[in-house]
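Chemist: Please read through the structure below; I'll follow up with questions.
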Amino acid sequence: MTGMISIENGQQVSITVTSFISILIAIVSVGLRLVARSIGNKIDYSDYCIIAALLCNTALQACCISLVTHGGFGFHIVEIYQRFGPETATLFFKGIMSFSILWNATVCFSKLSVLLMYPALIPTSSILKRTRVLGTLIITWNVADVITALLICRPLAKNWNFTLPGICGSQPAFYFAMGLVNLLTDAVIIVLPMPYLYNLRLAWHEKLAAMALLSVGTGTWAINIYRQTLLPGLDFADMTYSGVLATNLSGLEPSVAIALACIPLMCPLFRKSRKTTHSSYQCDSSRQTNFFPKKRSETHSLDPTATFPRLVDNNDASSRVELQPINPSHMIRVSSVCKH
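Number 423 marks the last residue of the sequence shown (our numbering); no jumps.
As structure tokens, this is what we get:
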């Protein structure tokens with residue numbers, strides 16, 4: 084067990100502050116989402132996934148802070164060996180492995196939460212099938228990342244003890260590939276609902292408003308792309324110092340992703356009337372969103388307009404509005420649930 088390391092330089096401060104901010108962003112966002120979802124209905128699988136992402140993110144940020152206070156994060160590796168001993172360096176590299184696993188878990192659950200939301204907002208069999216396929220690919224990719232993180236050095240102990248005989252792959256290349264796939268899956272998730280929204284018979288400003296609301300996930304792209312530019316030059320042997328900025332960005336990204344995944348579901352908090360007992364997803368007698376509905380008819384009783392109040396006829400709170408795509412084979416009927 085290594086001793087407590089005091090905060091002495093700006094690198095340590097930046098890691099600690101970023102981690103605390105990341106925890107706060109995620110907790111506040113998920114808290115507001117759950118409050119909005121509690122207005123008239125129970126939480127569903129999408130909410131369970133975002134709660135799991137929140138827990139994993141909190142553990143991820145705690146890992147970062149412990150790397151500073153017990154692993155020498157923010158110092159050059161040579162200085163760590165001289166001042167704090169080899170045990171501190173060992174703890175750091177073990178912590179980096181834990182960081183990678185927790186990062187994958189956080190990203191996986193946050194993406195699944197968004198995918199589970201789509202069939203409720205756009206209740207068609209085609210998007211249900213596509214979200215299932217994409218969700219399966221995301222789970223497979225994250226599991227593969229965790230396995231690779233554990234096997235990139237053989238034997239396993241060589242991850243934190245470089246003097247052992249054995250081989251190691253390129254950690255910077257691994258993290259670069261992991262971030263690149265993450266960016267690609269983000270793009271696919273954001274593009275997925277756009278054709279459905281485009282084909283609705285709505286005014287263009289209403290279509291664009293709905294598209295913009297489901298495109299907020301692009302906010303993580305800037306963080307991801309900037310981090311990707313840092314990884315090829317990362318000196319993993321001196322990761323304790325050279326990896327500070329990349330790790331800060333890697334820790335901040337899933338927190339922002341969690342917040343952005345919650346924004347589309349916060350609309351009930353901003354409505355003029357909060358007395359409605361309707362679900363923030365649905366209307367009529369439907370009670371809970373299900374990613375794997377038992378009957379096709381169940382998917383057509385969901386209310387996509389509760390999240391997108393501008394898609395409802397605001398001139399008449401009791402009116403019924405038909406959102407009909409250009410393709411006449413699909414029709415979504417929704418009811419206004421807002422009173423103005």
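We put the beta carbon where it would ideally sit given N, CA and C, even for glycine.
(1) Expressed to the nearest angstrom, what Euclidean distance is found between the alpha-carbon atoms of residue 326 and residue 343?
(2) Quick one: give me the first and last residue of the alpha helix (DSSP H) that residue 270 is part of.
(3) Tell me, please, whether the stretch 323-338 touches the stretch 269-286 by the rule of three or more beta-carbon pairs shorter than 8 Å.
(4) How far does the alpha helix (DSSP H) with residue 127 in it reach, from first residue to last?
(5) Does the Cβ of residue 268 lie closer than 7 Å to at least one heavy atom of the ligand FAD?
(6) Sorted by chain position, which residues of the same chain lie with C-beta nearer than 8 Å to residue 346's C-beta, five sequence neighbours on each side aside?
(7) Taking the alpha-carbon positions, what's the residue 102 to residue 286 distance?
(8) What does DSSP give as the partner residues of residue 251 in its beta bridges?
(9) Any idea if residue 353 is buried or exposed, counting beta-carbon neighbours within 10 angstroms, 16 or more meaning buried?
(10) Could you tell me if residue 99 is buried or exposed, where buried requires 16 or more neighbouring beta carbons within 10 angstroms of its beta carbon?
(11) In whole angstroms, what is the alpha-carbon distance linking residue 173 and residue 185?
(12) Just how far apart, CA to CA, sit residue 164 and residue 178?
(13) Taking DSSP as the reference, what is the three-state secondary structure of residue 285?
(14) Could you give the first and the last residue of the continuous alpha helix (DSSP H) run that contains residue 176?
(15) Identify, in the order they occur along the chain, each residue of the same chain with its Cβ nearer than 7 Å to the Cβ of residue 329, setting aside the five sequence neighbours on each side.
(16) Mind reading off the beta-carbon distance from residue 189 to residue 140? Whole number of angstroms is fine, and I expect it under 8 Å.
(17) Considering only the alpha carbon of each residue, which of 146, 276 and 122 lies closest to residue 207?
(18) If I follow the unbroken alpha helix (DSSP H) through residue 350, where does it start and stop?
(19) Might you give, ordered along the chain, the residues of its own chain that have their beta carbon closer than 6 Å to the beta carbon of residue 261, omitting 5 neighbours on each side?
(20) Give me the Cα-Cα distance between residue 181 and residue 282, rounded to the nearest whole angstrom.
(21) Give the straight-line distance between the Cα atoms of residue 280 and residue 169, rounded to the nearest whole angstrom.
(22) Quick check on this structure: which residue in 205, 294, 159 and 350 has the alpha carbon closest to the alpha carbon of residue 323?
(23) Taking residue 191 and residue 210 to be in contact with their CB atoms under 8 Å, please state how far apart those CB atoms are, rounded to whole angstroms.
(24) Determine whether the beta carbon atoms of residue 97 and residue 199 lie at a separation below 8 Å.
(25) Checking 8 Å against the spacing of the C-beta atoms, do residue 175 and residue 155 come in under that value?
(26) How would you call residue 151, buried or exposed, if buried means at least 16 neighbouring beta carbons within 10 angstroms?
(27) Going straight from the alpha carbon of residue 231 to that of residue 237, what length do you get?
(28) Can you find the residues in the same chain that come closer than 7 Å, C-beta to C-beta, to residue 233, ignoring five residues on each side of it along the sequence?
(29) Take residue 94 and list the residues in its own chain whose beta-carbon comes closer than 6 Å to its own, dropping the five residues that flank it on each side.
Modeler: Short version:
(1) Residue numbering aside, residue 326 sits at position 243 when the sequence shown is read from its first letter. Residue numbering aside, residue 343 sits at position 260 when the sequence shown is read from its first letter. Roughly 26 Å between the two C-alpha positions.
(2) If you number the sequence shown from 1, residue 270 lands on position 187. First-last of the alpha helix (DSSP H) with residue 270: 254-274.
(3) Result no; under three Cβ-Cβ pairs closer than 8 Å.
(4) As a position in the sequence shown, residue 127 is number 44, starting the count at 1. Segment: none, residue 127 is in no alpha helix (DSSP H) and carries neither H nor E.
(5) Looking at this structure, you won't find the ligand FAD or any other ligand, since it has none at all.
(6) As a position in the sequence shown, residue 346 is number 263, starting the count at 1. For residue 346, where only same-chain residues beyond five positions count, the Cβ hits under 8 Å are 112, 296 and 299.
(7) Taking the first residue of the sequence shown as position 1, residue 102 is located at position 19. Taking the first residue of the sequence shown as position 1, residue 286 is located at position 203. Each residue's Cα considered, the two are about 42 Å apart.
(8) On the sequence shown, residue 251 is found 168 positions in, with the first residue counted as 1. The partner list for residue 251 (beta bridge, DSSP) reads 236.
(9) For this step, residue 353 is matched to residue 270 along the sequence shown. Per the 10 Å Cβ criterion, exposed.
(10) The count along the sequence shown starts at 1 and reaches residue 99 at position 16. Its Cβ being crowded by 16 or more others within 10 Å, residue 99 is buried.
(11) For the purposes of this step, residue 173 is taken as residue 90 along the sequence shown, with counting starting at 1. For the purposes of this step, residue 185 is taken as residue 102 along the sequence shown, with counting starting at 1. Going by the C-alpha atoms only, they are around 19 Å apart.
(12) For the purposes of this step, residue 164 is taken as residue 81 along the sequence shown, with counting starting at 1. For the purposes of this step, residue 178 is taken as residue 95 along the sequence shown, with counting starting at 1. Approximately 16 Å, taken between the alpha carbons.
(13) Your numbering for residue 285 matches position 202 in the sequence shown. Coil, per DSSP.
(14) Within the sequence shown, the letter at position 93 stands for residue 176. Element bounds for residue 176: 169-204.
(15) Here residue 329 refers to the residue found at position 246 of the sequence shown. Around residue 329: 310, 313, 314 and 317.
(16) By one-based count along the sequence shown, residue 189 stands at place 106. By one-based count along the sequence shown, residue 140 stands at place 57. About 5 Å separates the two Cβ atoms, so the contact holds.
(17) Mapped onto the sequence shown, residue 207 falls at position 124. Selected option, being the one with the closest Cα: 276.
(18) Start at 1 with the first residue of the sequence shown, and residue 350 comes out as number 267. For residue 350, there is no enclosing alpha helix (DSSP H), as DSSP marks it with neither H nor E.
(19) Here residue 261 corresponds to residue number 178 of the sequence shown, with the count starting at 1. Taken in chain order, the residues that qualify are 228.
(20) Working through the sequence shown from its first residue, we reach residue 181 at position 98. Working through the sequence shown from its first residue, we reach residue 282 at position 199. Going by the C-alpha atoms only, they are around 44 Å apart.
(21) Taking the sequence shown and counting its residues from 1, one reaches residue 280 at position 197. Taking the sequence shown and counting its residues from 1, one reaches residue 169 at position 86. In a straight line, the C-alpha of residue 280 is about 57 Å away from that of residue 169.
(22) As a first step, residue 323 is located in the sequence shown; it is residue number 240 there, counting from the start. Nearest option by C-alpha distance: 159.
(23) Mapped onto the sequence shown, residue 191 falls at position 108. Mapped onto the sequence shown, residue 210 falls at position 127. About 20 Å separates the two Cβ atoms, so there is no contact after all.
(24) Here the question's residue 97 lines up with position 14 in the sequence shown. Here the question's residue 199 lines up with position 116 in the sequence shown. No. Outside cutoff.
(25) Translated into positions along the sequence shown, residue 175 becomes position 92. Translated into positions along the sequence shown, residue 155 becomes position 72. Against a cut-off of 8 Å, the Cβ pair of residue 155 and residue 175 comes out as a contact.
(26) As a position in the sequence shown, residue 151 is number 68, starting the count at 1. Looking at its Cβ environment, which holds 16 or more other Cβ atoms inside 10 Å, residue 151 is buried.
(27) For the purposes of this step, residue 231 is taken as the residue at position 148 of the sequence shown. For the purposes of this step, residue 237 is taken as the residue at position 154 of the sequence shown. Using only the alpha carbons, I get a separation of about 11 Å.
(28) Your numbering for residue 233 matches position 150 in the sequence shown. Here the set comprises 239.
(29) The sequence position of residue 94 within the sequence shown is 11, counting from 1. Within its own chain, the residues whose Cβ lies closer than 6 Å to the Cβ of residue 94, once the five positions on either side in sequence are excluded, are 157 and 327, listed in chain order.
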